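S.K.:
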Amino acid sequence: MKSSISLAILSSLGGAHAFWRMECRGRVGLARLDPLVDPGTLSQHVHAIHGSSGFSESSTYEDLVNADCTSCAVLEDKSVYWAPSLYFHHADGRFEEVGQEGGMLAYYLLFEDRKDEGKGIKAFPNDFRMIAGDSSRRNYSVAGLDHRLPDPPMALWGLLGQTTQEALRQRAIGFNCLHYGKGDNEATLWRHYMPDKSYIDQNCQNGVRFEIAFPSCWNGRDISSPDHKSHVAYPDQVMDGRCPEGFDVKLPTLLYETIWKTYDFAGLPGEFVISNGDPLGFGYHADFISGWDVNFLQQAVNQCRDDSGSIYACPLFTIQDESEQKKCKLPDLPSIASEKVSGVIGNSLPGGVTIQRGPEPARKPAVEAPQFVPAGAPSPNDLPGGVFQEIEAATSVQVVEAAEVPEPTPEVPSPTPEPPEPSDPPVPEGYELVRTDYVTDGRTVSKIVVIETVETIMMTTETVTVTVSPTGNARRDVHGHQHHHNHRRHRHGHGMRHAS
Ligand SMILES: *[C@@H]1O[C@H](CO)[C@@H](O)[C@H](O)[C@H]1NC(C)=O
């Protein structure tokens, strides 16, 4: 027996958003330096460093703003932007630097807090500091989902319990397989793990773009915190959305992009490893210290809102050309002078970092973990690219009363009943079954069936509640919800999961 009601949930996610794209064509250094995590000493692993040449293991805000140059385009920006670099581990044991292409881009995305629109965006205070990601992380743990599956539509994350800060932090990392000749590019932050060597060889002819978004909801008080993270939080869609309570001041959303020339190693046996010993990508992270003047940056945030994102469209910025950006380098720092971090560097990563595959957090001092080669990943299909993967304005939800599930026989009471297998809802004509996911919190099994046409995704969530009575009898209530999403042209990877 089926009855259905329809209701519409309206959200205002559509529309263009102001932003600008800070270009940093030069790299001031590749070195074991990190004044946030390891002040005053060599850092644990190598970083690719962009921005002010005042950067060092102990640099202050004054050092940054008074430096001679920046490797970024805008002279008023003396910020520093840094993240781990990439190495190739040859099959014979040698590590070799992977080249970086085009410097880096730091997007300043001007998304307001969606629960507080009209309130505006505050510039980073002078010397504002923060870290995105977690260097020791070696697994993906969002809702028990397989990291190789594409994310469900953002509008459902809250419903599925996937908007915890821990989940959002993992979704703030992206590895974009670049294949310009093949048409459709992947969306930003679409894949949250580094594809393996054979996948990269076969599909990513133009390299791999590392992407990481920073938290943009601030407690409004502290320019940093002991872990450089707890003074900020992610809004519930990573780059956009609603800020959690206590983090009510919205900052620009920073997103770093760096492209690595993985194609230089095409056909060679071995694997790619991030400089922190992470071959999987879950431990990718990035750091920021604002070297802007807060008043100047506030003017730019208010006025530089051209939809093109071009820094040239902002009349406030003084722009230096690419060759000047590339000339800017760190001065000779004695601390890093003697360490070889470029080219072929021998049988160990700089700093003696070892490869650790998890799933437990990486330890320091690190110990080589047993070899584990992940099983062949399903091939993610192409997605339309660009920073803004938007979900359209209207979401229609149908609540469907599903058929009754027969009671289990009382003779075999089971204290922990098997999760019942909800039956698949019918796939309407013109649609294709894309994937089935299960999300469980121990008592409730939600089965998510994703079906789609080229232009439309329909998502069905069926929730089965298992109630165990003192006599061991189990009662099951089944609720179904269907969510229709109008998407831009979209193709999803296929995959299957089973209730366990
Ligand atoms: C997954 O990573 C998190 C964060 O590092 C850690 O707390 C957790 O123990 C890891 N899970 C496993 C199964 O090791």
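In terms of mature numbering (1 follows the signal peptide of the UniProt record, and there is no 0), the sequence shown is residues -18 to -1, 1 to 482.
Backbone N, C-alpha and C fix where the C-beta goes; we use that ideal spot for every residue, glycine too.
Since we're looking at a predicted model, the values are computed, not measured.
1) Exposed or buried, which one is R457 when buried takes at least 16 other CB atoms within 10 Å?
2) Mapping the DSSP letters down to three states, classify T422 as helix, strand or coil.
3) Please go through the stretch 12 to 73 and give each complete beta strand (DSSP E) segment of 3 or more residues, from N-terminal end onward.
4) Assign Y63 to one of two classes, buried (16 or more other C-beta atoms within 10 Å of its C-beta) or exposed (fewer than that).
5) Quick one: what does DSSP say M4 is sitting in, helix, strand or coil?
6) Can you list, in chain order, every residue whose CB sits closer than 7 Å to a heavy atom of ligand 1?
7) With 16 as the cutoff for other CB atoms within 10 Å, does P132 come out buried or exposed?
8) In the stretch 246 to 285, which residue ranges form an unbroken alpha helix (DSSP H) of at least 4 residues, counting only runs that do not cross its ends?
9) Find the nearest neighbour of R130 within the set L138, Y181, F247, judged by alpha-carbon distance.
10) Figure out for me which residue from A125, G33, N258 has the closest Cα to the Cα of F70.
11) What does Q219 pair with, by DSSP beta-bridge criteria?
12) Measure the alpha-carbon distance for K232 versus G291 and round it to whole angstroms.
13) Here's a check: name, in chain order, each residue in its chain whose Cβ is nearer than 6 Å to the Cβ of A(-1), leaving out the five neighbours to either side.
14) If you draw a straight line from the C-alpha of H29 to the C-alpha of D98, how long is it?
15) Taking 8 Å as the threshold, find out whether the stretch 186 to 194 comes into contact with the stretch 150 to 160 through three or more Cβ pairs.
16) Quick one, which of T170, C186, A88, L142 has its alpha-carbon nearest G163's?
17) Name the one or two DSSP bridge partners that F157 has.
18) In whole angstroms, what separates the C-alpha of G115 from that of A154?
19) According to DSSP, is Y90 part of a helix, a strand, or is it coil?
20) Could you give the distance in angstroms between the alpha-carbon of T42 and the alpha-carbon of L331?
21) Write down the C-beta distance between Y175 and L262 rounded to the nearest angstrom, noting that I regard them as a contact closer than 8 Å.
22) Taking C310 as the reference, which of W2, N167, R7 has the closest Cα?
23) Is it a yes or a no for the stretch 50 to 69 touching the stretch 204 to 221, going by three-plus beta-carbon pairs under 8 Å?
24) Rounded to a whole number of angstroms, what is the C-alpha to C-alpha distance between D183 and Y245?
25) Which two residues bound the contiguous alpha helix (DSSP H) that contains I205?
26) For the 8 Å Cβ check, are there 3 or more pairs between the stretch 8 to 18 and the stretch 318 to 335?
M.R.: Here's the rundown:
1) Locating residue 457 in the sequence shown gives position 475, where the first residue counts as 1. Summary for R457: the model assigns pLDDT 43, below 50, so the residue's position carries little reliability; its value from the coordinates is reported in the next sentence. Burial call: exposed.
2) Position 440 of the sequence shown, counting from 1, holds the residue named residue 422. In this prediction, T422 has a pLDDT of 42, which is less than 50 and means its spatial position is unreliable; nothing more can be read from the coordinates.
3) Runs of the beta strand (DSSP E) inside the stretch 12 to 73: 29 to 33, 62 to 66, 68 to 72.
4) Translated into positions along the sequence shown, residue 63 becomes position 81. Under this definition Y63 is a buried residue.
5) In the sequence shown, residue 4 corresponds to position 22, counting from 1. M4 falls in the strand class under three-state DSSP.
6) D116, S118, R119, R120, N121, S123, G340, P341, E342, P343
7) Sequence index remark: in the sequence shown, residue 132 carries index 150 (1-based). It is buried - the Cβ of P132 has at least 16 other Cβ atoms within 10 Å.
8) As far as the stretch 246 to 285 is concerned, its whole alpha helix (DSSP H) runs of at least 4 residues are 276 to 285.
9) Locating residue 130 in the sequence shown gives position 148, where the first residue counts as 1. Scanning L138, Y181, F247 for the CA closest to the CA of R130 turns up Y181.
10) The residue given as residue 70 occupies position 88 in the sequence shown. Nearest C-alpha to F70: N258.
11) Against the sequence shown, residue 219 aligns to sequence position 237. For Q219, which the question treats as bridged, DSSP gives the partners D222.
12) On the sequence shown, position 250 is the one that residue 232 refers to. On the sequence shown, position 309 is the one that residue 291 refers to. Going by the C-alpha atoms only, they are around 19 Å apart.
13) Numbered from its first residue, the sequence shown carries residue -1 at position 18. Cβ-Cβ distances below 6 Å link A(-1) to L92, R287 in the same chain, with the five nearest sequence neighbours on each side left out; the list follows chain order.
14) Here residue 29 refers to the residue found at position 47 when the sequence shown is read from its first residue. Here residue 98 refers to the residue found at position 116 when the sequence shown is read from its first residue. Straight-line Cα distance between these residues: approximately 36 Å.
15) yes
16) As a first step, residue 163 must be located in the sequence shown, where it is residue number 181. Checked all of T170, C186, A88, L142; the closest Cα to G163 is C186.
17) Working through the sequence shown from its first residue, we reach residue 157 at position 175. Paired residue(s): F192.
18) Taking the first residue of the sequence shown as position 1, residue 115 is located at position 133. Taking the first residue of the sequence shown as position 1, residue 154 is located at position 172. Going by C-alpha positions, G115 is about 8 Å away from A154.
19) For this step, residue 90 is matched to residue 108 along the sequence shown. Of the three classes helix, strand and coil, the one that applies to Y90 here is strand, per DSSP.
20) The residue given as residue 42 occupies position 60 in the sequence shown. The residue given as residue 331 occupies position 349 in the sequence shown. If I take the Cα positions, the gap works out to 28 Å.
21) Taking the first residue of the sequence shown as 1, we reach residue 175 at position 193. Taking the first residue of the sequence shown as 1, we reach residue 262 at position 280. Rounded, the Cβ-Cβ distance is 6 Å, consistent with contact.
22) Reading the sequence shown from its first residue, position 328 is the one you call residue 310. For C310, the nearest C-alpha among the options comes from R7.
23) no
24) Translated into positions along the sequence shown, residue 183 becomes position 201. Translated into positions along the sequence shown, residue 245 becomes position 263. For D183 and Y245, the distance between alpha carbons rounds to 7 Å.
25) If you number the sequence shown from 1, residue 205 lands on position 223. Taken as a continuous stretch (DSSP letters only), I205 belongs to no alpha helix (DSSP H), as it is neither H nor E.
26) yes
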